[in-house]
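Residues in the sequence shown are numbered from 973 upward in steps of one, following my numbering.
Don't be surprised by glycine CBs; every beta carbon is placed ideally from N, CA and C.
Heads up: the structure comes next, in structure tokens.
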Amino acid sequence: YAVHTPLQAKPELIEKYKEKGPRGNVEHPVYAGMVENMDTQIGRVLYYLEQENLRDNTLVIFSSDNGGIRAVAPQDPLRAGKGSYYEGGIRVPMTVRWPGHIKPGLNTTAVTTFIDWFPTMAALLGERLPSGPFDGIDLSPVLLGKGSLEERSLFFHFPIYLQAYNSKIDDGRDPLFRTRPGSTIRKGDWKLHEYFEDGAIELYNLYTDLGETTNLAKQYPDVVAELYSELKAWRKQLNAPIPAESNPAFDPEKAADLLVKSLTREGR
């Protein structure tokens, strides 16, 4: 959690990365210092497990809940960053360690999400899930090298305007952060975005275009029809809300000012 706004780091780490200078066209010594501090704290946890003879009996999972903020941590070649359903906002690293169970160096291209960890943990512990619907699936066959996962569709739904502020970086659709209500479906290599404001549809093949640069909706109408039908059926099943009209009282400049103050702790 340490690598998060408000961006703060130890003075000695800030100076260290100032002296290192920019990496490519990126220079953010405070952010770099936060990342190093996070690495150090993770190391302390792993060292403790080693010292207390808990290493072989502990499943360690390292990941992130979203992509980085593009202004300070570009996601290239992925498009956009935190606050977006483009890959830069939702594709994150995940490393899992469980000595004696998970083979070191194991890699997988399986598409997973955090909702999978509840049924996965239950399976690894030999526990039966309680009755009721669960969105996630058991990842243990992949983690333990005993099988693969069946193809499934993943759904993302964001029907609101949240924390809007003007960005200096145009991600191709909207220079505003988390202010494009819409839904997304990922199935195999295909990914479809629907935007509620204007009904726009975008279709990308992530195998050939991981950066989501070329909208293929017009070239593949059959794929659009299949994914869009599945997306609408999923929303109907969950009674997912969809905004019907804009809020005339919304003031983006005022919202931007409030957000910036909250992130920088100004006026507190």
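What is the DSSP secondary structure of Ile1132, counted as helix, strand or coil?
-> The answer is coil: DSSP assigns Ile1132 none of H, G, I, E or B.
Going by DSSP, which residues form a beta bridge with Arg995?
-> Paired residues: Val998.
Would you report the Cα separation of Lys1170 and Lys992, rounded to the nearest angstrom?
-> The sequence given here has Asp at residue 1170, not Lys. Approximately 46 Å between the Cα atoms of the pair.
Sorted by chain position, which residues of the same chain lie with C-beta nearer than 6 Å to Val1044's C-beta, five sequence neighbours on each side aside?
-> Cβ neighbours of Val1044 within its own chain (closer than 6 Å, five residues either side excluded): His1000 and Tyr1003.
Between Phe1130 and Gly1154, is the Cβ-Cβ spacing less than 8 Å?
-> Their beta carbons are under 8 Å apart, which means Phe1130 touches Gly1154 by this criterion.
How would you label Ile1214, buried or exposed, when you count the other beta carbons within 10 angstroms and need 16 or more for buried?
-> Looking at its Cβ environment, which holds fewer than 16 other Cβ atoms inside 10 Å, Ile1214 is exposed.
Cut-off 8 Å between Cβ atoms - residues of its own chain near Asp1146, not counting five sequence neighbours on either side | Model confidence at Asp1146 stands at a pLDDT of 49, short of 50, so the residue's coordinates are unreliable; what they give is reported in the following sentence. Non-local beta-carbon contacts of Asp1146 in its own chain, meaning distances under 8 Å to residues more than five positions away in sequence, involve Arg1152 in chain order.
Any chance the region 1025-1043 sits against the region 1062-1075, with 3 or more Cβ pairs inside 8 Å?
-> Output reads yes: the region 1062-1075 touches the region 1025-1043.
Spatial distance of Gln1023 from Val1017 (CA atoms) | Counting only the Cα atoms, Val1017 lies some 10 Å from Gln1023.
Across which residues does DSSP place Leu1242 in a beta bridge pair?
-> Nothing can be reported for residue 1242: it is not among the residues displayed for the chain, which extend from 973 to 1240.
Would you list the one or two residues that DSSP bridges to Val1195?
-> Checking the DSSP bridge columns, you'll see Val1195 has no partner listed.
Name the two residues that bound the continuous beta strand (DSSP E) containing Ser1035.
-> It spans Val1032 to Ser1035 - the beta strand (DSSP E) in which Ser1035 sits, taken as one unbroken run.
Simplified DSSP assignment, three categories, for Thr1151 = If DSSP states are grouped into helix, strand and coil, Thr1151 belongs with coil.
Alpha carbon to alpha carbon, how far is Trp1162 from Tyr1200? Give it in angstroms, no decimals.
-> Going from the Cα of Tyr1200 to the Cα of Trp1162 covers about 12 Å.
Using three-state DSSP, classify Ser1125 as helix, strand or coil.
-> In this structure, DSSP gives Ser1125 an extended state, which the three-state scheme calls strand.
Confirm, please, whether the CB-CB distance from Tyr1192 to Leu913 is below 8 Å.
-> The chain is shown only over 973 to 1240; residue 913 falls outside these bounds and no answer can be derived.
Just to confirm, does Val1068 get its C-beta within under 7 Å of one of the non-hydrogen atoms of the ligand MG?
-> Looking for the ligand MG in the displayed structure turns up nothing, as the structure carries no ligands at all.
Give the secondary structure of Thr1067 by DSSP, where H, G and I count as helix, E and B as strand, and everything else as coil.
-> For Thr1067, the three-state secondary structure derived from DSSP is strand.
Taking Leu1182 and Leu985 to be in contact with their CB atoms under 8 Å, please state how far apart those CB atoms are, rounded to whole angstroms.
-> Their Cβ separation, rounded to whole angstroms, is 32 Å, which puts Leu1182 and Leu985 out of contact at 8 Å.
Status (buried if at least 16 other CB within 10 Å, exposed otherwise) for Arg1124 = So Arg1124 ends up on the exposed side.
Would you decide whether Glu1225 is buried or exposed? Buried here means 16 or more other CB atoms lie within 10 Å of its CB.
-> The residue is exposed, with fewer than 16 neighbouring Cβ atoms inside 10 Å.
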